[in-house]
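Structure first, commentary second.
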Amino acid sequence: MKKKTKVILFSSILFAVGSAGAIGYQMSRPDTMSAKLTSAQQKSLISTEITAVQNNAKPKDVINSFTDKNRLFKMSDKNKLIALQAIYTSLQNASLYYNNTGTILGGEIDYSRGDSKNPLDAAKDNKLIKGFVDELSEQYLEAKPVNSSTIVVLPDWQKLNKIAKDNGIDSKLLAKSDLNYLITAGVDSDKLDVFNGKRVDVIASAKAFERVEKQLDALKEENSDSNVIQDLNSLLRIYNDATFGYIETNNITLTKTDGTVQIDKETLAELKSLAKMNLSLSDDAEVYLKNVDSDGKIKSSVLQKGAETSTTTFGTSKFWQGQTDITSLINAQADTTSTTSESTSSSTTSK
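Per our numbering, residue 5 is the first one in the sequence shown, and the count goes up by one each step.
Okay, here's the thing in structure tokens:
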């Protein structure tokens, strides 16, 4: 199959997102643009913004630079797609940065959410968390409530798609870029209410996995060397892990006494339904359920193995290097149990 013309992809962008690079490029970017940008103006703007992304510019700054005075709309089709790639790269980098920030804020979120299981409720009475959540929206990012103290940040695919459409990148033009598969996967999976704030909807998560996988398979057939493949794999990993509890969710509870994980009844029922469906994760659900005992418990070692297999299968996430994978949860619980045992032993000895 003849491959379509692809846009330039960036491979050496710094992960952290800050504001240092934004100052310099805002001073040097072209401000006076004619009805149609000349080739030199387009080259200058793109070069400036790529440098800005490499120097940690935030998505809002990059997007504003391209869309101010309709600059993006006035570019050639080829350069529109290059600009869109720069915008997406800033979003992907920002996801990593804000996910790390969210991890740091986990304790604050847990403290401020009250009796709610939704971490976003912490923003109601906590100005710090409210500012964090508002900042995500301002930076064209979306907050996904995974468990009671964890928010996972992803690009807002709907907003990215709108930026493209509003600036002359219609579906026909977008189809010439590998980003088309990623944006489509993101938009389609977001239509499912996977992370509803209280728990993970297992069936919705499995269906989201299916929608992302469809785009991944199509991209591999079109361009097996695409850099976007790992971005799609990163989305697959999130939905796979959320479905089976390979990341900490409100659906599971670690049992302190015997090292097992308790699966709630609703989740167990959804897993049984998933096993009977004809979805990509149905066979995995059937195998998974064989490890669940009559009380709805599964050995933590099984989940640890599943998390390791997921990492091997889908690779390192380009969005989230979070600490809420099941292994971290189990290790943290083990440390707490160990500390408690030592304290009890010490107390008994002193008596």
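Glycine is no exception: its CB is placed at the ideal position from the N, C-alpha and C atoms.
Small disclaimer: the values here were computed from a predicted structure and weren't measured.
{"Check": "Shortest alpha-carbon distance to T93 belongs to which of K224, D72, A273 and I54?", "Outcome": "I54"}
{"Check": "Roughly how many whole angstroms lie between the Cα atoms of L88 and A168?", "Outcome": "7 Å"}
{"Check": "Specify the secondary structure class of K180 as computed by DSSP and reduced to three states.", "Outcome": "coil"}
{"Check": "Candidates T154, K128, D170 and D235: which alpha carbon is nearest F318's?", "Outcome": "D235"}
{"Check": "Give the secondary structure of M37 by DSSP, where H, G and I count as helix, E and B as strand, and everything else as coil.", "Outcome": "Any reading at M37 must be qualified, since the residue scores a pLDDT of 43, below 50, and its modelled position is unreliable; the value itself is stated next. Coil, per DSSP."}
{"Check": "With A61 as the anchor, note down where its beta strand (DSSP E) starts and where it stops.", "Outcome": "Note, A61: premise wrong, no beta strand (DSSP E); not H, not E."}
{"Check": "Over what stretch of residues does the alpha helix (DSSP H) that includes I302 continue unbroken?", "Outcome": "No alpha helix (DSSP H) holds I302; the beta strand (DSSP E) holding it covers K301 to K303."}
{"Check": "For G172, which option in S228, S298, S284 and D81 has the closest C-alpha, if you only look at C-alpha atoms?", "Outcome": "D81"}
{"Check": "Put T261 into one of helix, strand or coil per three-state DSSP.", "Outcome": "coil"}
{"Check": "Taking the C-alpha atoms as reference points, what is the distance between S116 and V204?", "Outcome": "21 Å"}
{"Check": "Could you compute how far the alpha carbon of D160 sits from the alpha carbon of K40?", "Outcome": "29 Å"}
{"Check": "Mind checking if N74 is an interface residue toward chain C, Cβ cutoff 9 Å exclusive?", "Outcome": "Of the protein chains in this structure there is only one, and it is not chain C."}
{"Check": "By DSSP, does T93 sit in helix, in strand, or in coil?", "Outcome": "helix"}
{"Check": "Would the beta-carbon of V206 fall within 9 Å of that of T271?", "Outcome": "yes"}
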